[in-house]
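Asks: Please find one structure pasted underneath; my questions will follow.
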Amino acid sequence: MISGYFARKSQLKADRLPSGALLWLVASFALLLTPQVGRLPLWLLSVCGLLAGWRWLAQKGRVRLPGRWLRTGIMLALVAVYLVRVQGSFTVDTAASFFVLAVGLKWLETRTARDFYVLFYILVYLVAVNFLFHQEIHWTLVNLGAIFLLLTALQMLNAPDLPGGAMASWRRLGGMLLKVLPVVVLLFLFFPRVAPLWSVPLVSGQARSGISDTMRPGDISSLAQSSERAFRVTFAGEFPQNRDRYWRGLILDTLKDGTWHQGDTESFRPPGRVNLDGGVGELQVREYDVLMEPTDQRWAFALNDSAAVSDNIAEKGDGLFRFRRPADSSVRYRLALESSNNPVPQDSALKPGEASRYLQLPASGNPRARALAEDLRQSASDLEVIRRLMNRFREQPYFYTLRPPKMPVDGVDSLLFAEKRGFCSHYAGATTFVLRSAGIPARVVVGYQGGEAGAGNEYLVVRQYDAHAWVEAWVEGQGWIRVDPTAAIAPDRIESGLREAVAGEGSFLENNWASAQKYGNVPLIQWASQQLDRINYKWQRWVVGYQGQSQLNLMSRLPGGITMKELGYITAGIVGLGLLVAGAVSAFQMRRGRRRDGYGRVLSAWYRLCEQAGVPIRYGETPAAQALRLAEAEPAVADSARLFARMINSHYYRPRSGRRSVQESKSELKRLRRLLVSMRRQLRRAGKTQ
Amino acid sequence: MNRFIPRRWQRWINRRIPRSDVQLLTQKNLFILPTSAGVVFAMLLLLMLITGINYQNSLIYLVTFLLGAVFIGAMYQTHRTLAGLELTLVEAGEGFAGDDVLFHLRATAGKQDAVAVMLSVDDTGVGIGHVPAGQSREVRLPVTSLSRGYLRPDRIRIETRFPFGLLKAWSWMRPVTAGIVFPRPVAAPETPGVAKEGDQTTAATRSSDGNDHAQLRPWREGDLSQRVLWKRYARSGQMVVADWEADKGSPHWLDFDRFAGAEYELRLSHLCWLVVERGKSGARFGLSLPGQAIEPDAGPAHTVRCLRALATWGQQKPRDAVGLRHGTRQDPDAKASASIATGGGL
Numbered sequence: 000m001i002s003g004y005f006a007r008k009s010q011l012k013a014d015r016l017p018s019g020a021l022l023w024l025v026a027s028f029a030l031l032l033t034p035q036v037g038r039l040p041l042w043l044l045s046v047c048g049l050l051a052g053w054r055w056l057a058q059k060g061r062v063r064l065p066g067r068w069l070r071t072g073i074m075l076a077l078v079a080v081y082l083v084r085v086q087g088s089f090t091v092d093t094a095a096s097f098f099v100l101a102v103g104l105k106w107l108e109t110r111t112a113r114d115f116y117v118l119f120y121i122l123v124y125l126v127a128v129n130f131l132f133h134q135e136i137h138w139t140l141v142n143l144g145a146i147f148l149l150l151t152a153l154q155m156l157n158a159p160d161l162p163g164g165a166m167a168s169w170r171r172l173g174g175m176l177l178k179v180l181p182v183v184v185l186l187f188l189f190f191p192r193v194a195p196l197w198s199v200p201l202v203s204g205q206a207r208s209g210i211s212d213t214m215r216p217g218d219i220s221s222l223a224q225s226s227e228r229a230f231r232v233t234f235a236g237e238f239p240q241n242r243d244r245y246w247r248g249l250i251l252d253t254l255k256d257g258t259w260h261q262g263d264t265e266s267f268r269p270p271g272r273v274n275l276d277g278g279v280g281e282l283q284v285r286e287y288d289v290l291m292e293p294t295d296q297r298w299a300f301a302l303n304d305s306a307a308v309s310d311n312i313a314e315k316g317d318g319l320f321r322f323r324r325p326a327d328s329s330v331r332y333r334l335a336l337e338s339s340n341n342p343v344p345q346d347s348a349l350k351p352g353e354a355s356r357y358l359q360l361p362a363s364g365n366p367r368a369r370a371l372a373e374d375l376r377q378s379a380s381d382l383e384v385i386r387r388l389m390n391r392f393r394e395q396p397y398f399y400t401l402r403p404p405k406m407p408v409d410g411v412d413s414l415l416f417a418e419k420r421g422f423c424s425h426y427a428g429a430t431t432f433v434l435r436s437a438g439i440p441a442r443v444v445v446g447y448q449g450g451e452a453g454a455g456n457e458y459l460v461v462r463q464y465d466a467h468a469w470v471e472a473w474v475e476g477q478g479w480i481r482v483d484p485t486a487a488i489a490p491d492r493i494e495s496g497l498r499e500a501v502a503g504e505g506s507f508l509e510n511n512w513a514s515a516q517k518y519g520n521v522p523l524i525q526w527a528s529q530q531l532d533r534i535n536y537k538w539q540r541w542v543v544g545y546q547g548q549s550q551l552n553l554m555s556r557l558p559g560g561i562t563m564k565e566l567g568y569i570t571a572g573i574v575g576l577g578l579l580v581a582g583a584v585s586a587f588q589m590r591r592g593r594r595r596d597g598y599g600r601v602l603s604a605w606y607r608l609c610e611q612a613g614v615p616i617r618y619g620e621t622p623a624a625q626a627l628r629l630a631e632a633e634p635a636v637a638d639s640a641r642l643f644a645r646m647i648n649s650h651y652y653r654p655r656s657g658r659r660s661v662q663e664s665k666s667e668l669k670r671l672r673r674l675l676v677s678m679r680r681q682l683r684r685a686g687k688t689q
Numbered sequence: 000m001n002r003f004i005p006r007r008w009q010r011w012i013n014r015r016i017p018r019s020d021v022q023l024l025t026q027k028n029l030f031i032l033p034t035s036a037g038v039v040f041a042m043l044l045l046l047m048l049i050t051g052i053n054y055q056n057s058l059i060y061l062v063t064f065l066l067g068a069v070f071i072g073a074m075y076q077t078h079r080t081l082a083g084l085e086l087t088l089v090e091a092g093e094g095f096a097g098d099d100v101l102f103h104l105r106a107t108a109g110k111q112d113a114v115a116v117m118l119s120v121d122d123t124g125v126g127i128g129h130v131p132a133g134q135s136r137e138v139r140l141p142v143t144s145l146s147r148g149y150l151r152p153d154r155i156r157i158e159t160r161f162p163f164g165l166l167k168a169w170s171w172m173r174p175v176t177a178g179i180v181f182p183r184p185v186a187a188p189e190t191p192g193v194a195k196e197g198d199q200t201t202a203a204t205r206s207s208d209g210n211d212h213a214q215l216r217p218w219r220e221g222d223l224s225q226r227v228l229w230k231r232y233a234r235s236g237q238m239v240v241a242d243w244e245a246d247k248g249s250p251h252w253l254d255f256d257r258f259a260g261a262e263y264e265l266r267l268s269h270l271c272w273l274v275v276e277r278g279k280s281g282a283r284f285g286l287s288l289p290g291q292a293i294e295p296d297a298g299p300a301h302t303v304r305c306l307r308a309l310a311t312w313g314q315q316k317p318r319d320a321v322g323l324r325h326g327t328r329q330d331p332d333a334k335a336s337a338s339i340a341t342g343g344g345l
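Protein sequence lines, in the order shown, are assigned to chains G and C.
To convert, note that position 662 of the first sequence is 661 in numbering that gives the first Met the number 0; the numbers rise steadily by one, no gaps.
To convert, note that position 205 of the second sequence is 204 in numbering that gives the first Met the number 0; the numbers rise steadily by one, no gaps.
Written out as structure tokens, the structure is:
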């Protein structure tokens, strides 16, 4: 008879959660996990899926939620597994995994609205965490979609009986988001980007794919199967020639157990505050701007003879650059090429310590390579030795291959004399070995070589398969010169990139079916992937990279010298104005009169009529009594008034069971309105006759 | 001091929301505050902002601003969900003390849909659910009654947390009309005997016209004129009424004085039980209370009449605690709709 339901407030809270709300919460959780899929351990993902599924089946009534003991047991077991896996390292990465685990466990005890909100908070923060890992535009859309679903779930929780279900709540939500969008954009532009308040843990402690600071022969060939971006570069002028695009990253100068290491291992420094100010404004002549994907390492990649422009990198010596904080998210930096007619002051000799460092070799092993060095040493100058070694590579049947054979013992010997098949790291290591044996200081340089033009030739994209290793040798009078055995063996690799170099072998990205680069010869795919990359590049440079200096740079173009302080005022102004406008609009809408049901309107018309006829409405009077008084005052309308009162009475006090259908009440309303009109007419006529 | 502020607050609210059986929710009488979930959400946003600053992450800024703007947007939406809604007390309920008395209310939505609306008094509540714009819903709100008498909740709270539960908008209705709470029925010892030992009653006398077993007592309001001993009045000038012992002592009359020695409230409870019992069996009975007598009759209407008499015996009908200030006028619209509401109680 009466809509609604009785319940104590406490019971309402303990009520079963609405299935719709739970469903959307699970959906947003699934969506939030997608950016993490590659990163999270498989056991965690499957546990989360299992627990969420359990909760869903319990909601459907198929299974029961675990009791307290079982729940505690599951929780302890999973936390223990987590702790074993993490092994005490604390980064955002491990924290994010813990978040995911916490959400997974929370599913089992999500019984009340309170639990639901706890989950909601965790998932909202998970969105923020996701943004630390991925800032590309598609992941941004995924995360915003998850926010949308979360808000849908909240709406469903608070109004489970709202007709229209998810579609209706999406419409409401969409309308609201559209209304607040201008405020969000203005806030994004004007909210002062203050410097980091304190230094925070690194985003990820796990090694990411990319070059590493040790080189075992064959390491880089595994990278060659990856088409992930390493970095993108914009030049002020023309791109340098492909053969000059040697991006130096780090120097490996110590050979130990067949593996090349960095001689001066970089000592541990605290990560420091995040500094993403990679330079602002137009690029000056000879400058170039690098947007690097996260590596979790300090090293930055630079062309030969570069100097730091932005202050988030510093030169380390030997033409290498280092970040002040490991690149745990994508980071932009700016460098300038020094003009080549201004020769680098070459010291006449290496320092004594350096000479021994760059001549270091294991005491034994690879006898044939040492013999070869002796042989080459017959010729007089160092340059001649290098030239003859390169000629040997060029003239003898050495092959550049992504499928090198295994060379476990005396790797240099078997590469140079037996197999003659290898990848850049094999040849760089072997060349350094031979040169050192011949008494020429030499070192392995690791970085990238090449890069292909992005859409519209606006920038270069350097990918992991461009990873490269080459050699630098010290020549009296000339300083360090670059020696690249790969250039001698497979000139294609240096002139036009890896694709061409291994075209005959067909091994380019052979295990990477999903990569668009694999299909670089299909124009449509190529074009689409380039355009997508361009959008992402712009997004990362202008939206993701909109920080500190770039904000001030943009503001300086606006009139009236805006500084940080003014930005604060502007932000406050935007919020205040937004509140004011919304308040004014809502007040205006209220004032425009509220809609009531037909009977309410008819009644107010009746009250007006009574007042006009000189029958004031008394508080607590029934329509019947009013009609009686009206009839006394104006006998002309007596009958109509009585009829009207009877109909109104019967509408409001009719038992529910006797309620009329919509059609009936419509026709009843029509009759009531007609009655009012006729009463007005009767009143007018009566007034005239008097 | 710590009592002072709540009292001032109460007074301020009471002034702002005068007692009325119909309450139109407007910006003047609607309140809005974040719920505890909303406060935690605000703290979460702050945490996210700090994360964004420390990691210099624009997208975290973006999502923080987005959620902050949604929070503000929700403020307006929550407010608008209730604004324009009209709450009417259709009928104040009746029931036995200790039970929930159902108050019949009607909510009529204004221009906006009213969504997820809750009514509550103290700790009992009832959900109205969704009221589409311009339509109305009727609900019965249980109000816990503690003792017999008039039951008028000081405030009926109407609240919504739509859309996200992060904010609550609420208002109160302070009804004028009171419900009636009957005494709690307590099984009465079946003592059909005469309440002779009643101390206050005048001694039984044998009247001059020879009627036996009549008790004489002074006239009180409600006594039938036929009962007055007019001869005696002519003689002494005193209005005296003869209570026929034959009636009083018979089970037809339920008398307050029958349970002499018991507390008044207990007597009323016993009487209540008897009324209910008689009502069930459909017997004829009358009710005699000090200052009030209800002639023997039968039927549900009679039973209810007796129960009401028991409920309100010795009670003042509550009146509007705060009178309208001099010179204030009520909105004719609201006043008029109120007439409909109170009409239902008649």
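Every residue, glycine too, gets a C-beta built ideally from N, C-alpha and C.
Is the CB-CB distance between C:A73 and C:L165 below 8 Å?
Replies: Start at 1 with the first residue of the second sequence, and residue 73 of chain C comes out as number 74. Start at 1 with the first residue of the second sequence, and residue 165 of chain C comes out as number 166. A contact, by the Cβ cut-off of 8 Å.
Asks: Given that C:L43 touches chain G, what residues does it touch there, using C-beta distances under 7 Å?
Replies: Counted from its first residue, the second sequence places residue 43 of chain C at position 44. Under the 7 Å cutoff, chain G gives Y120, V123, Y124.
Asks: Under 7 Å, CB to CB, which of the residues in the segment 187–215 of chain G have a partner in chain C?
Replies: Cβ contacts with chain C: F187, F190, V193, P195, L196, W197, V199.
Asks: How about C:F362 and C:A91: do their beta carbons lie closer than 8 Å?
Replies: Residue 362 of chain C lies beyond the range of chain C shown here (0 to 345); nothing can be said about it.
Asks: Just checking, does the segment 673–680 of chain G make contact with the segment 136–143 of chain C on the three C-beta pairs under 8 Å criterion?
Replies: Touching, no.
Asks: At least one CB of chain G closer than 8 Å to the CB of C:H251: is that the case?
Replies: Within the second sequence, numbered from 1, the residue matching residue 251 of chain C stands at position 252. Cβ-Cβ to chain G under 8 Å: no for C:H251.
Asks: Classify G:H650 as buried or exposed, calling it buried when 16 or more other Cβ atoms lie within 10 Å of its own Cβ.
Replies: If you number the first sequence from 1, residue 650 of chain G lands on position 651. By the neighbour-count rule (16 or more Cβ atoms within 10 Å), G:H650 is buried.
Asks: Please state whether DSSP places C:N13 in a helix, a strand or coil.
Replies: As a first step, residue 13 of chain C is located in the second sequence; it is residue number 14 there, counting from the start. Note: C:N13 maps to helix in three-state DSSP.
Asks: List, in chain order, every chain G residue whose beta-carbon is nearer than 7 Å to that of C:R160.
Replies: Translated into positions along the second sequence, residue 160 of chain C becomes position 161. The contacting residues are N157.
Asks: Does the beta-carbon distance from C:M47 to G:A95 come in below 8 Å?
Replies: As a first step, residue 47 of chain C must be located in the second sequence, where it is residue number 48. As a first step, residue 95 of chain G must be located in the first sequence, where it is residue number 96. Their beta carbons are not under 8 Å apart, which means C:M47 does not touch G:A95 by this criterion.
Asks: Quick one, which residues of the segment 554–581 of chain G are near chain C if we go by CB-CB under 9 Å, in chain order?
Replies: So the close ones are V574, G577, L578, A581.
Asks: Which residue spans inside the segment 263–304 of chain G form an unbroken beta strand (DSSP E) run of at least 3?
Replies: You should have 286–291.
Asks: Looking only at its own chain, which residues have a Cβ that is under 6 Å from the Cβ of G:L319, when we skip the five neighbours before and after it?
Replies: In the first sequence, the residue the question calls residue 319 of chain G occupies position 320. Within the same chain, G:L319 has no close Cβ partners at all.
Asks: Return helix, strand or coil for G:L249, following the three-state DSSP convention.
Replies: Here the question's residue 249 of chain G lines up with position 250 in the first sequence. Correct three-state label for G:L249: strand.
Asks: Quick one: Cα of G:A635 to Cα of G:L627, how far?
Replies: Along the first sequence, read from residue 1 onward, the residue named residue 635 of chain G stands at position 636. Along the first sequence, read from residue 1 onward, the residue named residue 627 of chain G stands at position 628. So the alpha carbons of these two residues sit roughly 12 Å apart.
Asks: Span of the beta strand (DSSP E) holding G:W259?
Replies: If you number the first sequence from 1, residue 259 of chain G lands on position 260. Here the beta strand (DSSP E) through G:W259 covers 258–260.
Asks: Is G:T139 close to chain C, meaning its C-beta is less than 8 Å from at least one C-beta of that chain?
Replies: Mapped onto the first sequence, residue 139 of chain G falls at position 140. G:T139 counts as touching chain C.
Asks: Could you work out which residues of chain G lie near C:F163, taking near to mean beta carbons separated by less than 7 Å?
Replies: Here the question's residue 163 of chain C lines up with position 164 in the second sequence. Under the 7 Å cutoff, chain G gives L150, L153, Q154, N157.
Asks: Residue range of the beta strand (DSSP E) that G:K315 falls in?
Replies: For this step, residue 315 of chain G is matched to residue 316 along the first sequence. That run of the beta strand (DSSP E) goes 312–316.
Asks: Which residue marks the beginning of the beta strand (DSSP E) containing C:K167, and which one marks its end?
Replies: On the second sequence, residue 167 of chain C is found 168 positions in, with the first residue counted as 1. Where C:K167 is concerned, the enclosing beta strand (DSSP E) stretches over 166–172.
Asks: Determine the DSSP secondary structure at G:E108, reduced to helix, strand or coil.
Replies: Along the first sequence, one-based indexing puts residue 108 of chain G at 109. Of the three classes helix, strand and coil, the one that applies to G:E108 here is helix, per DSSP.
Asks: Under 8 Å between C-beta atoms, does G:D412 make it to chain C?
Replies: For the purposes of this step, residue 412 of chain G is taken as the residue at position 413 of the first sequence. Output row for G:D412: interface = no.
Asks: I'd like to know if G:N341 contacts chain C, where contact means its C-beta is closer than 8 Å to some C-beta of that chain.
Replies: Taking the first sequence and counting its residues from 1, one reaches residue 341 of chain G at position 342. Its pLDDT being 49, under 50, G:N341 is placed unreliably by the model, and nothing is read from it.
Asks: Can you round the beta-carbon distance between G:E471 and G:D381 to whole angstroms, since I take them to be within the 8 Å contact cut?
Replies: Reading the first sequence from its first residue, position 472 is the one you call residue 471 of chain G. Reading the first sequence from its first residue, position 382 is the one you call residue 381 of chain G. Not really, about 13 Å apart at Cβ, beyond 8 Å.
Asks: Quick check on DSSP: helix, strand or coil for C:K247?
Replies: Numbered from its first residue, the second sequence carries residue 247 of chain C at position 248. Low local confidence applies: a pLDDT of 47 at C:K247 is under 50, so the model's placement there is unreliable, with the coordinate-based value given in what follows. Note: C:K247 maps to helix in three-state DSSP.
Asks: From the DSSP output, which residues share a beta bridge with C:M47?
Replies: Start at 1 with the first residue of the second sequence, and residue 47 of chain C comes out as number 48. Its beta-bridge partners do not exist; DSSP assigns none.
Asks: Mind checking if G:M175 is an interface residue toward chain C, Cβ cutoff 8 Å exclusive?
Replies: By one-based count along the first sequence, residue 175 of chain G stands at place 176. Yes, its Cβ sits closer than 8 Å to a Cβ of chain C.
Asks: Would C:G72 pass as an interface residue toward chain G - the criterion being a Cβ-Cβ separation below 8 Å?
Replies: Numbered from 1 along the second sequence, position 73 holds the residue referred to as residue 72 of chain C. For C:G72, the answer is yes, since a Cβ of chain G falls inside 8 Å of its Cβ.
Asks: At a CB distance below 7 Å, what residues from the segment 118–137 of chain C approach chain G? Give them in sequence order.
Replies: Listed by position, the residues of the segment 118–137 of chain C near chain G (Cβ gap below 7 Å) are S119, D122, T123, G124, V125, G126, I127, G128, H129, A132, G133, Q134, S135, R136, E137.
Asks: With C-beta atoms as the reference, is G:I493 less than 8 Å away from G:A502?
Replies: Sequence index remark: in the first sequence, residue 493 of chain G carries index 494 (1-based). Sequence index remark: in the first sequence, residue 502 of chain G carries index 503 (1-based). No, these two residues do not count as a Cβ contact at 8 Å.
Asks: For C:T201, count the other beta carbons within 10 Å of its own beta carbon; 16 or more makes it buried, fewer makes it exposed. Which is it?
Replies: In the second sequence, residue 201 of chain C corresponds to position 202, counting from 1. Low local confidence applies: a pLDDT of 40 at C:T201 is under 50, so the model's placement there is unreliable, with the coordinate-based value given in what follows. By the neighbour-count rule (16 or more Cβ atoms within 10 Å), C:T201 is not buried but exposed.
Asks: Is it the case that the segment 168–181 of chain G contacts the segment 121–138 of chain C, given that we only count it when at least three CB pairs across the two stretches are under 8 Å?
Replies: Taking 8 Å as the limit for Cβ pairs, the verdict is that the segment 168–181 of chain G does not touch the segment 121–138 of chain C.
Asks: From this set, G:E108, G:V184, G:G164, G:L32, which residue's C-alpha is nearest G:V574's C-alpha?
Replies: For the purposes of this step, residue 574 of chain G is identified with residue 575 of the first sequence, where counting begins at 1. When only C-alpha atoms are compared, the closest one is G:V184.
Asks: Are the C-beta of C:M47 and some C-beta of chain G separated by less than 8 Å?
Replies: Walking along the second sequence from the start, residue 47 of chain C turns up at place 48. Cβ-Cβ to chain G under 8 Å: yes for C:M47.
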